[in-house]
Amino acid sequence: MYTVADLKKGLKITLDGDPYVVIAFDFTKPGKGQALYRTKMRNMITGVILDRTYRSGETFETASLEDRKMQFLYKEDDHFVFMDNQNYEQYRMSEEAVGDAKNYLIDNLPVDILIFKDKAIGVDLPNFVQLKVIETLPWVKGDTSGSDSKPATVETGYILRVPPFIEEGETIVIDTRSGEYSTRVKG
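In the working numbering, the protein residues as written are 18 to 204.
In structure tokens form, the structure reads like this:
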């Protein structure tokens, strides 16, 4: 159980039966009366942003969330299927619930899945993934156009900017937190 004074950015709570994560928090003490806490929270299932103001002393339930080690199996229509590494149980998540993580999901990729009331609600990717470049413009030796990057499409369909020396068929490392090129895999 948390009090309103315990709230901080990133804290996960249960509100009206749904899990929320605090994304912004502001404390105000008016000249008269109780202190006010303005919060902005995101529903972890629907993604809806909620703005609420609370008075000091109000309490919240701790969100009963569980992180489970899983691996991505395959995409079926507009759903992504993950398998629990412990009991081999499969979980389906909608494309909306997976969000931007879909840009990096390749078969057998190990991920952490956030579970709320036996339902998969979020994907936590490794910080870096290795993906193969399937399409990019060729590098012309002596090109002095001044461009320090070019677009490239990786095996998941994600398009990002890469250095001009990257060629089709090469494997690159992408930072999943920013979606940017990190380095190329040698060998």
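Glycine included, C-beta positions come from ideal geometry on N, C-alpha and C.
Worksheet item: Is the distance from the Cβ of Ala118 to the Cβ of Ile62 below 9 Å?
Response: Here residue 118 is taken as the residue at index 101 of the sequence shown, counted from 1. Here residue 62 is taken as the residue at index 45 of the sequence shown, counted from 1. Not a contact, by the Cβ cut-off of 9 Å.
Worksheet item: Whose C-alpha, out of Ile132, Gln51 and Glu152, is nearest the C-alpha of Ser8?
Response: Residue 8 cannot be examined here, being either before or after the span of the chain that is shown, 18 to 204.
Worksheet item: Should Ala139 go down as buried or exposed, given a rule of 16 or more other Cβ atoms within 10 Å for buried?
Response: By 1-based counting over the sequence shown, the position of residue 139 is 122. The sequence as given places Gly at residue 139; Ala does not occur at that position. Flag for Gly139 reads buried.
Practice prompt. Name the two residues that bound the continuous alpha helix (DSSP H) containing Val65.
Written response: Start at 1 with the first residue of the sequence shown, and residue 65 comes out as number 48. No alpha helix (DSSP H) contains Val65, which DSSP labels as neither H nor E.
Worksheet entry | Range covered by the alpha helix (DSSP H) that runs through Ala114 | Residue 114 sits at position 97 when you count from the first residue of the sequence shown. Counting along the chain, the alpha helix (DSSP H) containing Ala114 begins and ends at Glu112 to Val115.
Discussion item. For Ala137, tell me which candidate among Tyr121, Ser111 and Phe42 has the shortest Cα-Cα distance.
Written reply: Counting from one through the sequence shown, the residue named residue 137 turns up at place 120. Minimum Cα distance to Ala137 is reached at Ser111.
Worksheet item: Should Val202 be labelled buried (16 or more other beta-carbon atoms within 10 Å of its own) or exposed?
Response: Residue mapping note: residue 202 aligns to position 185 of the sequence shown, counting from 1. Around the beta carbon of Val202, fewer than 16 other beta carbons lie within 10 angstroms, which makes this residue exposed.
Discussion item. Which residue wins for smallest C-alpha separation from Val150, given the options Glu172, Thr31 and Leu142?
Written reply: As a first step, residue 150 is located in the sequence shown; it is residue number 133 there, counting from the start. If we check each option's Cα against that of Val150, Glu172 comes out closest.
Worksheet entry | Euclidean distance between Cα positions of Ala41 and Asp84 | Here residue 41 refers to the residue found at position 24 when the sequence shown is read from its first residue. Here residue 84 refers to the residue found at position 67 when the sequence shown is read from its first residue. Each residue's Cα considered, the two are about 23 Å apart.
Practice prompt. For the beta strand (DSSP E) containing Thr173, list its first residue and its last residue.
Written response: Within the sequence shown, residue 173 is the residue found at index 156, counting from 1. In the DSSP assignment, Thr173 falls outside any beta strand (DSSP E) and carries neither an H nor an E.
Worksheet item: CB Asp68 to CB Arg55, shorter than 9 Å?
Response: The residue you call residue 68 lines up with position 51 of the sequence shown. The residue you call residue 55 lines up with position 38 of the sequence shown. Yes, Cβ-Cβ distance for Asp68 and Arg55 is below 9 Å.
Discussion item. Quick check on DSSP: helix, strand or coil for Asp101?
Written reply: Locating residue 101 in the sequence shown gives position 84, where the first residue counts as 1. Judged by DSSP in its simplified three-state form, Asp101 adopts strand.
Worksheet item: Which word fits Tyr37, buried or exposed, when buried means at least 16 other C-beta atoms lie within 10 angstroms of its C-beta?
Response: Here the question's residue 37 lines up with position 20 in the sequence shown. Counting Cβ neighbours within 10 Å, Tyr37 comes out buried, since at least 16 surround it.
Worksheet item: Which residues does DSSP pair with Asp91 in a beta bridge?
Response: Translated into positions along the sequence shown, residue 91 becomes position 74. Position check: residue 91 holds Tyr in this sequence, whereas Asp was assumed. According to DSSP, which records beta bridges pairwise, Tyr91 is partnered with Val98.
Practice prompt. Over the uninterrupted beta strand (DSSP E) stretch that includes Glu197, give me the two end residues.
Written response: Position 180 of the sequence shown, counted from the first residue, corresponds to residue 197. Start and end: Glu197 to Arg201.
Practice prompt. From the DSSP output, in three-state form, read off Asp141 for me.
Written response: If you number the sequence shown from 1, residue 141 lands on position 124. Of the three classes helix, strand and coil, the one that applies to Asp141 here is strand, per DSSP.
Practice prompt. Mind checking which residues open and close the beta strand (DSSP E) that includes Leu28?
Written response: For this step, residue 28 is matched to residue 11 along the sequence shown. Run containing Leu28: none; DSSP gives neither H nor E here.
Worksheet item: In whole angstroms, what separates the C-alpha of Pro180 from that of Thr193?
Response: The residue given as residue 180 occupies position 163 in the sequence shown. The residue given as residue 193 occupies position 176 in the sequence shown. Each residue's alpha carbon lies about 18 Å from the other.
Item to complete: Measure the C-alpha to C-alpha separation of Asp33 and Tyr91 and round it to an integer number of angstroms.
Response: Residue mapping note: residue 33 aligns to position 16 of the sequence shown, counting from 1. Residue mapping note: residue 91 aligns to position 74 of the sequence shown, counting from 1. Those two C-alpha atoms are separated by around 33 Å.
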